[in-house]
Each structure stands twice: as C-alpha cells, then as structure tokens.
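J.: Here UniProt numbering is used: position 137 in the sequence shown is 137, and no number is missing along the way. Using N, Cα and C, we set each Cβ at its ideal position, and we do this for glycine too.
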Amino acid sequence: MTPRQTTARVALVSQIMNFRTWIGDHLTESGPAGLELPETGSAAATGRPVMTEIPRGCLPSVMSGGAQCSLYCFLILLNCTGCRGRGWLLVGGLALLTWKVWPGWWHGRAHMGVLREAPGGRPVLGLSVDGGPDPALTPTLLRQLGRQPVTMFLTASSAAHHPDLTRQIVAAGYEIGLLLESQDAAAQRAQLERTVGTPVRLGRVSGRYGWLTLSRMQRAGLQAVAGFPAVAGPGVPAEPGGLLTLRTDQDSLTQLPDLLADLKRRGYQPMPVGQLEGLRSETVRGLLQRAWQATADRAFDRAHQVVPLTERARGLFRISARPYSGPPLQAAGGPLWRPGTPAAELHLHSKRLVAVADLSALTAYRAFRDSLQDVAAALQERPEFQQAQLIYGVTLFHEVLAPVGFEVQPLPDRRMASIMARFMDLLRRLYGARNVGRRVIHPHVVWMTRDTLMQRYGQSRR
C-alpha cells in the first residue's frame with residue numbers, strides 16, 4: 001500500500017468517525033464489540049496502517065442497526081489487506097445502499113409495514129400527540145383537548161417518572177401508544193404497560209422507520225404507526241382517513257383549540273388512531289396513487305391553474321377557469337351554449353370520490369351535493385370565475401350528477417368516448433374502485449348554468 005493510499009484511507013476513516021459531531025452526541029450501545037481501524041500517527045511512519053480498536057458505542061444512535069452493520073462492513077473492506085481498486089468501494093457502497101438507503105425509503109418514506117391511513121369514505125382522521133407526560137405541558141394539553149379523544153404516544157421513561165400524571169391520562173380515556181426512545185422496543189413496551197396498567201399495541205419512532213426498528217417492534221407486539229406532523233392552527237392539510245400528529249410543545253398547545261375548531265368546521269371527526277376502521281399500511285397500489293398524484297395530477301393542475309376545493313372533508317371538486325370546448329349544449333327550452341363560452345371546468349378528486357362511492361350511492365350523492373356549495377362559493381368569491389356562465393365536465397359519474405341538478409349530454413364522437421372510457425376505467429382501477437369492467441360506461445358531458453348553480457347551492461354553505 002502506497003503512502004497516498006494510506007493517507008486517503010485514514011482521511012476517510014477520520015471523516016466517518018467525525019460523523020457523530022454533526023449528527024448528534026448521543027451514542028448507541030448496539031453494534032459489534034470492536035473494530036480495528038488505522039491509527040493516523042504511525043501509518044505515515046511505517047507505510048502500513050497500525051490497527052487500533054474502536055469500542056462499542058462509537059456510532060451515533062440515530063443510525064439504525066442495519067446502517068451501523070453496513071458501515072462496519074464497509075470499514076472492514078477498506079482495511080482488508082486483500083482489497084484493491086474501486087470494485088471493493090462499489091461493494092461497500094452497495095452494502096450501504098442495501099442496508100440503509102433502500103430500507104430507509106421503503107419503510108421510512110413509502111411506509112411499507114407502517115400504519116398510515118384508513119379508507120377515506122368517512123370524514124374521520126386519526127389525531128395523536130407525541131411526547132410526555134410532562135408536568136409543565138401535559139395538564140394544559142388535557143385542558144385544551146377537553147373531551148376530544150386522541151392517541152397519546154408516551155415515552156416509557158417519562159411515564160415511569162410521572163406515574164400520577166400518566167394515570168390521569170389513562171383515567172381520562174385517552175388511547176396510549178409507545179414513543180420509542182431506543183431500539184429495545186420490548187423492554188420499553190413492558191415498562192410502559194406496567195405504568196399505565198393496560199396493554200399497549202401502537203408504537204411510533206421520532207424519526208424515520210428502518211428495517212431493524214420495524215422488526216424489533218413486530219417482535220415486541222407493537223404495530224408501527226406513521227406520523228404526519230401538523231402545524232397547529234387553521235388550514236392544516238388533512239385528508240379523510242389520514243393521520244395528524246402534534247408534538248407536546250407550547251406552540252402546539254396554545255393553538256390546539258383553533259386546530260380542533262377548524263377541523264370541525266371542515267367536517268372532520270378526529271378520533272384516536274386505533275379506532276380508525278380499516279387502518280392499513282401502504283400498498284403497491286397506494287404507492288402508484290401517490291406517484292400519479294405527485295406527477296400527472298400536479299402537472300395538469302399547474303398547467304391549467306386548477307383550484308382545489310377540497311378543504312372540507314367532503315370536498316370532491318377541483319375547478320379551473322376555461323372556456324367551454326365541447327359540443328353545443330342546450331337544455332329543453334334553454335339557451336344554446338356554444339364552444340368558447342366563458343365557463344368553469346370541473347375536475348374530480350378521484351381518490352375521495354372512489355372512497356365515498358364504495359360506501360354507497362347515497363353517500364356519493366350527498367358528497368356531490370355538499371361539494372357544489374364550494375363550487376358556488378368559488379364562482380362568487382374568486383375573480384377568475386366572475387365571467388363564467390356555466391360549469392361543465394366530462395365524467396363517468398353522470399348518473400349520480402344528474403339528480404343534483406346537472407344536465408347530461410352524450411359525447412358525439414363515439415370513438416373518442418370509448419378511448420376516454422378505457423382511460424377513466426384505468427384510473428378507477430388505480431384508485432381501487434369496485435365493479436370496474438362489469439359494464440362499459442361511456443363518459444358524458446355534464447353541465448349546469450351559473451344561475452341554476454346559485455339558486456340551488458349559492459345560499460348557505462354547510
């Protein structure tokens with residue numbers, strides 16, 4: 001080994017060992033008992049690295065056991081006397097990718113194996129609070145929550161240090177979950193259960209999930225739950241069946257009443273995470289849905305300046321100011337609407353629509369009816385829709401929209417209608433709609449004049 005190679009290896013090892021200074025000062029007790037690395041002082045003198053031992057606990061605790069293992073293996077490869085060339089560096093890089101990057105994305109970002117949402121047909125969401133119990137904050141939290149049921153993810157050590165406050169939380173009827181502080185999930189669960197006196201089946205970590213963390217939680221009998229942080233206050237992003245997480249800090253506590261009032265105004269019913277019916281982890285179909293929404297839907301919305309009207313839990317529509325471009329439209333005894341008429345084009349929130357339609361046709365009808373109040377408000381309040389003379393869209397759901405006041409007209413081009421029907425069926429399959437393919441439903445043009453919309457839905461919003 002040349003002096004230059006020795007210097008390069010020593011520099012790399014030094015960078016890895018200094019990694020703990022910027023990622024945190026907390027040390028872990030897991031990992032191999034010892035590992036030999038080159039010592040800087042004598043390497044330059046002898047031309048070969050002198051091996052010294054790194055004690056257990058030298059790597060930062062925020063790294064998962066898999067990441068630590070892969071890093072140890074990588075260092076061993078670097079210091080193996082038989083290692084030559086870039087091939088071994090590639091092997092080490094692949095080891096890091098296999099043990100850290102891929103599991104970190106698969107579980108931490110994609111939430112495979114982690115409970116993340118319930119079906120969105122009902123206007124419910126799981127609300128939880130992470131941290132505590134803290135004598136300085138938890139009493140205020142309980143007063144702010146009142147009778148609102150939530151899930152409290154407590155740390156085992158804090159619960160043991162404040163048993164009276166913990167028993168007060170349990171007596172108030174809140175669901176208890178475990179907020180992990182280390183990799184030893186089984187011991188922490190047992191400690192928390194001794195304190196609260198009830199079984200604990202939900203667990204969460206402060207950061208991202210890794211393969212080793214999930215494996216230990218499963219062996220401990222815990223179901224891993226995703227956390228989606230919410231900044232307390234009006235307008236917080238929320239989806240039916242989703243999860244919202246607050247931290248036990250002063251800012252969240254002072255704004256908590258506004259958050260609860262805002263969710264109620266929007267039609268949401270917060271509840272403990274464990275009471276969400278059908279709570280599930282991510283699926284391949286769910287990943288495809290999220291990918292479609294993040295790419296195709298987002299690009300379409302940006303290109304056509306689509307305004308989402310989905311703040312409320314039952315909101316189904318998105319809307320854009322766009323001149324009418326379909327066949328001439330005319331209701332019985334009404335005026336003729338030609339292409340080019342100032343209009344507002346309707347688009348559907350596909351995931352929400354499929355979820356409510358799967359519950360029942362009546363649920364879908366009510367959701368459409370309530371959502372049209374948002375459309376009427378947008379036409380009244382937003383300047384880009386002031387000149388719109390009608391609202392229109394092309395959809396497979398004309399049978400549901402006709403009873404809420406829409407006129408229905410088939411597309412004149414049967415070939416184009418057939419192509420659109422197949423594409424829309426693919427979207428329905430993507431979003432998990434039932435009864436897809438049993439019969440071919442051709443899309444129709446649905447439309448409603450501005451005057452009709454205002455007469456039926458422009459008075460008071462629910």
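(1) Whose C-beta lies closer than 7 Å to the C-beta of Ala226 among residues of the same chain, with five residues either side of it excluded?
(2) Is DSSP giving Gly203 helix, strand or coil here?
(3) Between which two residues does the beta strand (DSSP E) containing Asp130 stretch?
(4) Could you check how far apart the C-beta atoms of Ser128 and Val273 are, in whole angstroms? I think they sit under 8 Å.
(5) Any heavy atom of the ligand MN closer than 7 Å to the beta-carbon of Thr363?
(6) With a threshold of 8 Å on Cβ separation, who are the neighbours of Pro443 within its own chain once the five nearest residues in sequence on each side are excluded?
(7) Using only the alpha-carbon positions, how far apart do Ala118 and Lys351 sit?
(8) Name the DSSP bridge partner or partners of Glu345?
(9) Span of the alpha helix (DSSP H) holding Arg428?
(10) Looking only at DSSP bridge pairs, what is Thr151 linked to?
(11) What's the gap between the Cα of Arg338 and the Cα of Pro257?
(12) Check Gln168 in the structure and name its three-state DSSP category.
(13) Around the C-beta of residue 480, are 16 or more other C-beta atoms found within 10 angstroms, so that it is buried, or is it exposed?
(14) Roughly how many whole angstroms lie between the Cα atoms of Leu348 and Glu311?
(15) How would you write the range of the beta strand (DSSP E) that Gln269 sits in, first residue to last?
(16) Using only the alpha-carbon positions, how far apart do Glu345 and Leu426 sit?
(17) Determine the DSSP secondary structure at Ala224, reduced to helix, strand or coil.
(18) How many whole angstroms separate the CB atoms of Ala343 and Tyr457, which I take to be in contact at a CB cut-off of 8 Å?
(19) What is the residue span of the alpha helix (DSSP H) that Pro257 lies within?
(20) Is it the case that the Cβ atoms of Ser371 and Gly405 are separated by a distance below 8 Å?
(21) Output the boundary residues of the beta strand (DSSP E) element that contains Val446.
(22) Among all the DSSP beta bridges, which residues are the ones paired with Glu117?
(23) Can you name the start and end residues of the alpha helix (DSSP H) that Leu214 belongs to?
(24) In whole angstroms, what is the alpha-carbon distance linking Gly131 and Leu279?
(25) Identify whether Arg382 lies in helix, strand or coil by the three-state DSSP scheme.
(26) Can you tell me which residues form a DSSP beta bridge with Thr245?
(27) Would you report the Cα separation of Arg201 and Gln275, rounded to the nearest angstrom?
(28) Counting along the chain, where does the alpha helix (DSSP H) carrying Gln191 start and finish?
(29) Select from Val284, Gly334, Arg247 and Ala355 the residue whose C-alpha is nearest the C-alpha of Asp451.
(30) To the nearest angstrom, report how far apart Thr283 and Asp251 are at their CA atoms.
(31) Comparing C-alpha positions only, which one of Thr198, Leu336, Ala224 and Val124 sits nearest to Gly210?
(32) Apart from the five residues just before and just after Thr195, which ones in its own chain have a Cβ nearer than 7 Å to its Cβ?
(33) If you count every other CB in all the chains shown that lies within 10 Å of the CB of Gln380, and 16 or more means buried, which is it?
(34) Just to confirm, are Thr248 and Asp134 a CB contact at a threshold of 8 Å?
(35) From what residue to what residue does the beta strand (DSSP E) around Gln305 run?
(36) By Cβ distance below 8 Å, which residues in the same chain neighbour Val170 in space, the five residues on each side in sequence not counted?
T.: If we stick to the structure as given:
(1) His111, Val114, Leu115, Arg116 and Leu243
(2) strand
(3) Start and end: Val124 to Asp130.
(4) 5 Å
(5) Among the components of this structure there are no ligands whatsoever, and the ligand MN is therefore not found.
(6) Val394, Thr395, Leu396, His398, Leu411, Ala417, Met420, Ala421 and Met424
(7) 12 Å
(8) Ser320 and Tyr392
(9) Arg414 to Leu430
(10) Ser128 and Glu175
(11) 50 Å
(12) helix
(13) Any property of residue 480 remains undetermined from this structure, which presents the chain solely from 1 to 462.
(14) 14 Å
(15) Segment Gln269 to Met271, the beta strand (DSSP E) holding Gln269.
(16) 22 Å
(17) The three-state secondary structure of Ala224, taken from DSSP, is strand.
(18) Wrong, their Cβ atoms sit about 17 Å apart, outside the cutoff.
(19) Gln250 to Arg265
(20) Between Ser371 and Gly405, the C-beta gap is not smaller than 8 Å, which leaves the two residues out of contact.
(21) His444 to Thr449
(22) Arg280.
(23) Trp211 to Arg219 is the span of the alpha helix (DSSP H), which, as asked, contains Leu214.
(24) 22 Å
(25) coil
(26) Note: Thr245 sits in a beta bridge opposite Ser128 and Pro229.
(27) Arg201 and Gln275: Cα-Cα distance of roughly 12 Å.
(28) Ala185 to Val196
(29) Gly334
(30) 35 Å
(31) Ala224
(32) Ala159, Ala160, Pro163 and Thr166
(33) With fewer than 16 other beta carbons inside 10 angstroms of its own, Gln380 counts as exposed.
(34) yes
(35) Gln305 -> no beta strand (DSSP E), and no H or E assigned at all.
(36) Ile176, Val196, Gly197 and Thr198
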